[in-house]
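**Student:**
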Amino acid sequence: GFAATIHVSGCAKGCARPAAAALVLTAGEDGFALIRDGRAVDAPFARTVDPETALDLLRREIIGTAA
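When we follow the working numbering, the leftmost residue of the sequence shown carries the number 236, and every step to the right adds one.
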């Protein structure tokens, strides 16, 4: 299984968890962002306005890392 840290944040400021995580999913007025090996304030590798797409991206990252 996936043995790393995933941080889910309601914004990209990073106040709740200033430390890096293997995956970070942030939400904001402009949609969702997914960041690898970083913090909520870091540049995302993917953005989407659709919550289902955001979850699909997160699932793919978890499965790809575990494989």
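Glycine residues also receive a C-beta, built at the ideal position from the N, C-alpha and C atoms.
Can you tell which of 237, 264, 286 and 259 has its C-alpha closest to the C-alpha of residue 280?
**Tutor:** In the sequence shown, counting from the first residue as 1, residue 280 sits at position 45. Minimum Cα distance to residue 280 is reached at 259.
**Student:** Which term fits residue 290, buried or exposed, when burial requires 16 or more other beta carbons within 10 angstroms of its beta carbon?
**Tutor:** Within the sequence shown, the letter at position 55 stands for residue 290. With fewer than 16 other Cβ atoms within 10 Å, it is exposed.
**Student:** Within 6 angstroms: the Cβ of residue 252 and any heavy atom of the ligand FMN?
**Tutor:** For the ligand FMN, the structure offers nothing, since it holds no ligand at all.
**Student:** Output yes or no for whether 7 angstroms exceeds the beta carbon distance between residue 268 and residue 261.
**Tutor:** One-based indexing of the sequence shown puts residue 268 at position 33. One-based indexing of the sequence shown puts residue 261 at position 26. Cβ atoms of residue 268 and residue 261: closer than 7 angstroms.
**Student:** Looking at C-alpha atoms only, which residue of 298, 286 and 295 is the closest neighbour of residue 245?
**Tutor:** Taking the first residue of the sequence shown as 1, we reach residue 245 at position 10. Selected option, being the one with the closest Cα: 286.
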